[in-house]
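Novice:
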Amino acid sequence: MTPRLYPPWSNLVYRGALVLLFAGAASLVIVPMLYVRTPYNTSQFQPWSQPVEFDHRHHVRDDGIECLYCHSSAERSASAGVPPTAVCMGCHSQVWQQSPLLEVVRRSYFSGQPISWRRVHQLPGFVYFDHSVHIAHGFPCERCHGDVGRMARVTQVAPLTMNWCLDCHRDFQAGVGSERVTDNAWTSSMRMLFKRVASDRRVTLLTTCTTCHR
Amino acid sequence: MSEPLLIGRPSDAALGDELLGTTWRAGGAGWKIAFAITGALTALLFALITYTVVKGIGVWGTNIPVGWAFAIINFVWWIGIGHAGTFISAILYLFEQGWRTSINRFSEAMTLCAVLQAAIFPVLHLGRPWFAYWLFPYPSVMEVWPQTKSALPWDAAAVSTYFTVSLLFWYLGLLPDLASLRDSAPTRRRRVIYGLLALGWNGKAVTWRHYKAVYLVLAGLAAPLVLSVHSVVSSDFAIALVPGWHSTIFPPYFVAGAIFSGFAMVITLVIPVRRVFGLHHVITRKHLENCAKLILVTGWIVAYGYMIEWFLDWYSGDRAEMYQAFVARPFGPNKIVFYLSMICNVGVPQIFWWTRARTSVWVLWIASLLINVGMWSERMMIIVQSLQREYLPSQWGDYSPTWVDIGILIGTIGFFALLFLAFLRLLPFISLSEMREMAHELVKHDRRTPAHGERHDG
Amino acid sequence: MNRSDRSLPLAAVDPDPEFPPGVDQPPAELDRRRMIQLLAAGAALAGLGPIAGCMKKPSDRIMPRVDQRPELTPGVALDYATATVMDGYATGVLVTTHEARPTKVEGNPDHPASLGATSVFDQASVLQLYDPDRATGALDRGTPAELATLVRQIAGRERIEGLWFLLHPQSSPLIEDAIARIRARHPGARFAFDTPVSRRAVFEGSRLVFGRPLEPQYRFDRTDAIVALDADFLAAMPNAVRWSRDFAARRRIAAPQADMSRLYVAEPHPTPTGSLADHALAVRGSELRAIAAALLAAVEGRAIERALPAASAGAEGEGARRWIAAAARDLRTRRGLVVVGDRQPREVHALGHLINQAIGAVGSTVVFTRPAVIEPLGDDLAALAAALAAGRVQTLVIAEANPLYTAPPDLGVAVHLPRVPERIYADLAENETSRACHWFLPLAHAMESWGDARGYDGTVTFIQPLIQPLHAGITLLELLSAFAGDPEPDGHRAVRARYAPGTGDEATAAWQAALQRGLVTGSAFALEVAAVRLGDAERATLAAPPGDPAPGPMGQMRGQIELVFEPSPAVYDGRFSAIPWLQELPKPFDKLTWGNAARMSRATAAQLGVGDHDVVRIVAGGGAVTVPVLILPGHVDRCVSLELGYGRWAAGPVGDGVGSNVYSLRTSDRPWFAPAAGIAATGERHRLAITQEHQRQHGRQIALEATLDEYRRDPDFTRERWQSEPTMLAPQFESFFHWGMTIDTTICSGCNACVIACQAENNVPTVGADQVRRNREMHWLRIDLYREGGDDDPRFIHQPMLCQHCANAPCEYVCPTYATQHSPDGLNEMIYNRCIGTRFCSNNCPYKVRRFNWFDFTEDTARTRQLQYNPNVTVRSRGVMEKCTYCVQRIRAADIAARKQRRDIRPGEVVTACQQVCPTGAIQFGRLDHDRTLNVQWRGEHRHYAVLNQLGTRPSTVYLAKIWNPSSDLPVRLDEDTGATEGGAQDPAKPPGAER
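Top to bottom, those sequences are chains X, E and Z. Position one of the first sequence corresponds to residue 137 (the working numbering), numbered consecutively onward. Position one of the second sequence corresponds to residue 6 (the working numbering), numbered consecutively onward. Position one of the third sequence corresponds to residue 72 (the working numbering), numbered consecutively onward.
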């Protein structure tokens, strides 16, 4: 009989080790899945510093300026557009002409060099988002951008992940806004409804891949 | 029984010394050289893998129309080789084939090494390997899942399952021998290590009972995998409409081919091992002969597969299919692989009709090598030659491998050999416990029928 | 994200020259590509990759404009009307600009030379703008100099002695003025107009017959029988784009009962026009004079033996005789027309005019105007060469022309030019000739310039700038004005002064309107009355059996091999060598890319004992070149055709050393057809980069054809290829708003315009000759060429092949990640960012239209060239599959526009890039529920079919079979194809032994 190798408690240790092993393996899969859903990964709620301390609270709430006054191309174009320096100067040649806060704006205006703003809402290059069509269907800006009027510095509130986009695009009532394609469809049987929806260009094209990826 | 399964009736102790000794005995210069060579080839393999991932798979010879080539050929080839192990250890076990005993562990190890090689390719051949995990179903924020209609996610599932089960099965079988290693280890360090691996095995009867039960269950689990894995692999091709792929015969024909090549590889490996360790009385001619017989049988199934394909190509009346089978393969680019697979897979096995061939070590060994080559060529014939000549002549294109392709193939062979050599050195490659069991049974058997007793020693 | 914000800095039409748009900023697409890589990397590191998350925010910047410009909306593309000019002939185009960054050229529907379509070269001109090797500044003896200073020096000088100009042919009224002013300021200034593809013979021909240079204006849309004598009027002649549309109008038949025009072509080697000919006669270029003379005799009812004495002997002569007889009959009985090619000598043009006169074509199917180009008014290169030799040239100004590369050696330009005391050169980029000059002045690209030019019919077309000059440059007009004494020439001022002198608001408004049209309406030339002024003597000499230099009656010169030169259908005369798109463009009949070859018939190759890819050494005209052989069925025997424009040595990294320079074989007196002094195999081999190596159908019924009679007898002869096969698959739900394309192979000439248009629209990379040899070209749209009949008289069928968008797509069900998908509106979608690159889809695509990014091809694309990228199409990263999307970006854009207006997409609202560019209009696209569109009507025709229909893929792309209209005198048998077997001798372009 060989002398015993291990003390009696080694079995316990061994089992514990096995448990840890499996737990570790599982966490390798689960932890990343959780991580990608955190704001840290989606870069939500990060107050980026901008070359000009532009305060939306003041302009939107105090002065009651419409979003579209500055982001004027949002109605016509895929891009909402950041206003040209000239738009800023439109007002600030009259008010706050001397404000040091606006030094950068004035320099840009007179030197002809653009102000280099930091992008806050960043979609990957292969995602084609079009502002105009969303606005045309009565989407309020807040629905994606949050209540910018209460932000000192604009931060991204929505996760901008694909499933977040799909939440709306799959909900054909929300998706088509005021078109109300599903009126009187509800009265018929669900089967009819789905057939109708499945055959409706306006609805089905909201979830096909090339709606956003081209 | 013309040839015995065990020559002589060694005692437990004798068997133990002999079979565990392979682990304790120090290796000579030959071993060092072998390890050096295979190690170098392994390094080459990983260097080329890095190169491919950094530069892109454009460094291979693949193109449009030949989108798959060496990577997939190697994958199918290695997976096929991987089949013999589980076939021997699981299916033959369920059929209570005594002769599996002395070669099952060995071929299981071969299986694991082979599947490891195979597992490289499904990931490496991707354009963007870093996204390979998209093949597995998991809840992503894209809310997109793998497509179950495609064969590839099933591939990933099948191969990983197969590897896992084979590993467990092999390790379970190892437990008693790990215990014996622990108990017979010369140094304390080895005792500790093997002790850890033995999971505190104590040879109690109850342990043995549980052990047997679990072994049987795992065997039952492993057996269907032998059939499923290569069926799934074959559907990578069978579900496509490429002339030469689009065929329902593929699953059985691939499984047969897999076992065919697997046994060939077993013979290729067992003959030198048996010579090096002088185990002629444990791995007898009987084992080799049985393998040869299986090769002959599966070889015929493969041949039948070829014939059915030709028949269907003709019967379909489809010009593309007929051109593929009767013009492109025998006369088209890379036609060499067509003739190689015909000669090696259909011609060579026929010599096993003769007992002398089945029992002659040299004939067996050379034949098995040829069959390995033949099966690789067959995969190249199916994959590359089919893609070279598809429906639109305007898009016919030829294929030739680059040095990277060839280097990776050689590299995997080296890596395979390295792992296998390590296994030979570190673990008993013949199941000691099962050999002892068999020895005892034979002794009992001899007592019951002394008349036969003499012949066993013949 | 929207690209427009990102690319705004590019856009900034920024007055500050220190910030030329785009050069200081990486273009938006770079960011996009980098984004994909980041994703990949991030995923690789984190080991997971939900698409939208997974990378830390890069420090991405938004740079809005400083000033406000009402017409510029970020993200909204603008089209500007301007023109591209080739050898003086202008084509009106609309150039799409994204934030003032030109990305795509389309035809100007209002322009008579375009009608909305464009040529290959027009498409590629946008990439020429972004050529990274363009000159960045002026040089004085190789050292950088201030352009303005040099210009002022020029303007300061007067009465320069021995002043010579060498220019391409010009049609610009403004340049005409400038030349007049130069002549006034520098008496004795001489102007030579030259291009390697000169059309002087055309004008000489009309001068011979009508007494003055005239430009024939053909009316193919009114012609029923066309005889083209070495005339590739559908691809290689100045007005080809317009003529293609006119030709198609009479060629395409909508129903079996309808009538279609008949086309006879006699030419040395296949051309796009020849591939549509009902009766193509392969003759050597020098023999066409005899053919023309015989044809004249035939239409005048005289015996043709006098013109074709040897015809009685030999099957060749017999074939030619029957061809002439049949052609003559059609010319007389139907509304006929004879077209003579620019390569032919003036005598053949004269004969052509006489034939047209004889059959009453003049005034009906052909009318005449004065030439748009002022070439005939100037000297030619020979005159300049003589002056050079005599040392009479003191100051030589060369613009655009590249004589040291293109001039025939016997003129000795290379010898004498360096002796000129003062040599000034101007072009977009430095080249062979500029290196031999003292001054180099960078020319501005047309898209950076103000100017004007005339279309083929004389229509005055405006050229306006679309982008702030990428480099300091001067336009030719400005350069000439400087010589006329203007120290600060300004193209814009000149244009305004001539076309909108007024300053008032209404004047400005009118000018704006004219600019938007892009042309001066009604400025086409008035028709000229063309009366034959030809004495009987001259007429007799024309009709007589010609002697030297034309090598005489058919049958002579046996054994001696004739060389035929041809401007490359890809890089033209070499001026486009720096454009990768064109270098990689598969040429119509040999599908050769990245180089030229000695193309010959199989018989001739056998005679020389050479095969494909064998390098031969050709000696002629005092020069010698080595060039690989390519066997070309349909090529006339005892003749070798060579493409000009290759073998350059100072064209920059893209063009240098590609192919062989055959200019050295040319002589000034025989620029197009010359006997070869010797051809011998060198024993070397050079593997040519060919994209299609097999042209036989092997009886698989891929590209269908029928004669008009057969079609009328059995209108449904294509039934096997459209009737749906029995299937076990569940019938799937067919949406009623399904997109589809229809392609009529009867009028497809294989001119390749669609290939380049697709490449330009969809950011398709080029991969280089080596990758092409490995079958890795990336074209989303290729033109498959199938050949029926024998090697000596083949029938060609061009089949544009792009993603068929199958309803049962084989690629879709094999993709493990759903990266290729079917959309509810019937598109086969390719989602690059979901692709992991298994290539299973490509393996399973029976049409092999999918392309794979084997390397990071975008990384290899020069940054400035990336400025051309279409921001509405994702730039693909390494390792992903890509393919034709039916221009889905255009479809979705139209869909968004429709949604915003609460309406459905209108018929014809979506036009794909290939459809838009097609000169003959062979491609139609649209939604299948828009049943009044051509697309839907064509699909209803009897002769429609789906390629590989038997596989049950149910393609959305439908083809119309090619219908031939052979003359009853020359019956054509569409026999079962003499298909090749593997390695057989039938596949011409296949390297021998490739199968062995």
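Even for Gly, the Cβ is constructed at its ideal location relative to N, Cα and C.
Pull up the distance between the alpha-carbon of TYR142/E and that of TRP150/E, whole angstroms please.
Specialist: Start at 1 with the first residue of the second sequence, and residue 142/E comes out as number 137. Start at 1 with the first residue of the second sequence, and residue 150/E comes out as number 145. For the record, residue 142/E in the displayed sequence is Pro; it is not Tyr. Cα to Cα, PRO142/E sits roughly 6 Å from TRP150/E.
Novice: What would DSSP say about ASN899/Z, mapped onto helix, strand or coil?
Specialist: Locating residue 899/Z in the third sequence gives position 828, counting from the first residue. ASN899/Z: strand per DSSP, three-state reduction.
Novice: Kindly indicate the opening and closing residues of the beta strand (DSSP E) around ARG963/Z.
Specialist: Indexing the third sequence from 1 puts residue 963/Z at position 892. Element bounds for ARG963/Z: not the beta strand (DSSP E) but the alpha helix (DSSP H), 959-971.
Novice: With a threshold of 6 Å on Cβ separation, who are the neighbours of VAL725/Z within its own chain once the five nearest residues in sequence on each side are excluded?
Specialist: Position 654 of the third sequence, counting from 1, holds the residue named residue 725/Z. ALA649 and PRO651, listed in sequence order.
Novice: So who's on the other strand from ARG756/Z, going by DSSP bridges?
Specialist: For the purposes of this step, residue 756/Z is taken as the residue at position 685 of the third sequence. Paired residue(s): ASP685/Z.
Novice: Give a yes or no on whether the C-beta atoms belonging to VAL48/Z and CYS906/Z are separated by under 9 Å.
Specialist: The displayed coordinates of chain Z run from 72 to 1067. Any statement about residue 48/Z would go beyond what the structure contains.
Novice: Looking at ILE300/E and PHE268/E, is the spacing between their C-beta atoms short of 9 Å?
Specialist: Residue numbering aside, residue 268/E sits at position 263 when the second sequence is read from its first letter. Residue numbering aside, residue 300/E sits at position 295 when the second sequence is read from its first letter. Yes. Within cutoff.
Novice: From what residue to what residue does the beta strand (DSSP E) around GLY997/Z run?
Specialist: Along the third sequence, one-based indexing puts residue 997/Z at 926. Here the beta strand (DSSP E) through GLY997/Z covers 994-998.
Novice: Is there contact here, the segment 700-709 of chain Z with the segment 350-363 of chain Z, by at least three beta-carbon pairs under 8 Å?
Specialist: A contact exists between the segment 700-709 of chain Z and the segment 350-363 of chain Z.
Novice: For ASP266/X, go through chain Z and note every residue whose CB falls closer than 7 Å to its CB, in chain order.
Specialist: Counting from 1 along the first sequence, the entry for residue 266/X is found at position 130. Simply ILE967.
Novice: Near THR67/E, what residues of its chain come up, given a Cβ to Cβ distance below 6 Å and the 5 sequence neighbours on each side ignored?
Specialist: Residue mapping note: residue 67/E aligns to position 62 of the second sequence, counting from 1. Excluding positions up to five away in sequence, the list reads ALA74.
Novice: Establish whether the CB of LEU341/X and some CB of chain Z are separated by less than 9 Å.
Specialist: Position 205 of the first sequence, counted from the first residue, corresponds to residue 341/X. Closer than 9 Å: yes.
Novice: Between ILE962/Z and chain X, is there a C-beta pair that is closer than 9 Å?
Specialist: Reading the third sequence from its first residue, position 891 is the one you call residue 962/Z. ILE962/Z counts as touching chain X.
Novice: Quick one: what does DSSP say CYS985/Z is sitting in, helix, strand or coil?
Specialist: Translated into the one-based positions of the third sequence, residue 985/Z becomes position 914. It is helical.
Novice: Assign ALA190/E to one of two classes, buried (16 or more other C-beta atoms within 10 Å of its C-beta) or exposed (fewer than that).
Specialist: Translated into the one-based positions of the second sequence, residue 190/E becomes position 185. Buried.
Novice: What's the gap between the Cα of VAL172/X and the Cα of HIS257/X?
Specialist: To locate residue 172/X, count along the first sequence from 1; it is residue 36. To locate residue 257/X, count along the first sequence from 1; it is residue 121. Distance between the alpha carbons of VAL172/X and HIS257/X: 17 Å.
Novice: Tell me whether the segment 388-402 of chain Z and the segment 568-585 of chain Z touch, counting them as touching only if at least three CB pairs, one residue from each stretch, are closer than 8 Å.
Specialist: Cβ pair count under 8 Å is below three, so no.
Novice: Grouping DSSP H, G and I as helix and E and B as strand, with all else coil, what is LEU246/E?
Specialist: Against the second sequence, residue 246/E aligns to sequence position 241. Of the three classes helix, strand and coil, the one that applies to LEU246/E here is coil, per DSSP.
Novice: Roughly how many angstroms separate the alpha carbons of GLY462/Z and ALA470/Z, rounded to a whole number?
Specialist: Counting from one through the third sequence, the residue named residue 462/Z turns up at place 391. Counting from one through the third sequence, the residue named residue 470/Z turns up at place 399. If you take the alpha carbons of GLY462/Z and ALA470/Z, they lie about 20 Å apart.
Novice: Counting only C-beta atoms, is LEU1005/Z closer than 9 Å to chain X at any point?
Specialist: Against the third sequence, residue 1005/Z aligns to sequence position 934. No - not a single Cβ of chain X is within 9 Å of the one on LEU1005/Z.
Novice: Residues in its own chain within less than 6 Å of ALA161/E by CB, not counting five upstream and five downstream?
Specialist: Residue 161/E sits at position 156 when you count from the first residue of the second sequence. Hits under 6 Å: LEU140.
Novice: Classify ILE5/E as helix, strand or coil using the three-state DSSP reduction.
Specialist: Past the edges of chain E, shown from 6 to 463, lies residue 5/E, and the structure says nothing about it.
Novice: From which residue to which residue does the alpha helix (DSSP H) around GLU326/E run?
Specialist: Taking the first residue of the second sequence as 1, we reach residue 326/E at position 321. First-last of the alpha helix (DSSP H) with GLU326/E: 324-328.
Novice: Under 9 Å, Cβ to Cβ, is there at least one residue of chain E near PRO622/Z?
Specialist: Along the third sequence, read from residue 1 onward, the residue named residue 622/Z stands at position 551. Since pLDDT at PRO622/Z reaches only 42, below the 50 mark, its modelled position is unreliable, and the value read off the structure follows with that caveat. Not an interface residue.
Novice: Who are the Cβ neighbours of GLY749/Z in its own chain at under 7 Å, not counting the five residues just before and after it?
Specialist: Position 678 of the third sequence holds residue 749/Z. The residues are VAL690.
Novice: Tell me whether PRO279/X is buried or exposed, calling it buried when 16 or more other Cβ atoms sit within 10 Å of its Cβ.
Specialist: Looking up residue 279/X in the first sequence gives position 143. According to the sequence displayed, residue 279/X carries Arg and not Pro. Looking at its Cβ environment, which holds fewer than 16 other Cβ atoms inside 10 Å, ARG279/X is exposed.
Novice: 9 Å is my cut-off, CB to CB: does CYS203/X come that close to chain Z?
Specialist: Locating residue 203/X in the first sequence gives position 67, counting from the first residue. False, the Cβ-Cβ gap to chain Z never drops below 9 Å.
Novice: Is the Cβ-Cβ distance between THR342/Z and ASP292/Z less than 9 Å?
Specialist: One-based indexing of the third sequence puts residue 342/Z at position 271. One-based indexing of the third sequence puts residue 292/Z at position 221. No, the pair does not count as a contact, with Cβ atoms beyond the cut-off.
Novice: To the nearest angstrom, how far is the alpha carbon of PHE174/E from that of THR417/E?
Specialist: As a working mapping, residue 174/E is identified with position 169 in the second sequence. As a working mapping, residue 417/E is identified with position 412 in the second sequence. Taking the straight line joining both Cα atoms gives about 24 Å.
Novice: From the DSSP output, in three-state form, read off LYS954/Z for me.
Specialist: Counted from its first residue, the third sequence places residue 954/Z at position 883. Reduced to three states, the DSSP call for LYS954/Z is coil.
Novice: Quick one: residues in its chain with C-beta nearer than 6 Å to the C-beta of HIS1013/Z, no 5 flanking neighbours on either side, listed in chain order?
Specialist: The sequence position of residue 1013/Z within the third sequence is 942, counting from 1. Excluding sequence neighbours, HIS1013/Z sits near PRO786 and ASP787.
Novice: So the beta strand (DSSP E) PRO235/Z belongs to, where does it begin and stop?
Specialist: Within the third sequence, the letter at position 164 stands for residue 235/Z. The residue you asked about is not Pro; residue 235/Z is Trp in the sequence shown. That run of the beta strand (DSSP E) goes 234-238.
Novice: Can you round the beta-carbon distance between LEU713/Z and ALA669/Z to whole angstroms, since I take them to be within the 8 Å contact cut?
Specialist: Looking up residue 713/Z in the third sequence gives position 642. Looking up residue 669/Z in the third sequence gives position 598. So it is a contact: roughly 6 Å between Cβ atoms.
Novice: Which residues in chain E sit within 8 Å of ASN915/Z, going by Cβ to Cβ distance?
Specialist: Walking along the third sequence from the start, residue 915/Z turns up at place 844. In chain order: ALA245, LEU246 and VAL247.
Novice: What's the C-alpha gap between GLY226/X and TYR205/X?
Specialist: Sequence index remark: in the first sequence, residue 226/X carries index 90 (1-based). Sequence index remark: in the first sequence, residue 205/X carries index 69 (1-based). Those two C-alpha atoms are separated by around 11 Å.
Novice: If you draw a straight line from the C-alpha of ALA444/E to the C-alpha of ILE435/E, how long is it?
Specialist: Counted from its first residue, the second sequence places residue 444/E at position 439. Counted from its first residue, the second sequence places residue 435/E at position 430. C-alpha separation (whole angstroms): 13 Å.
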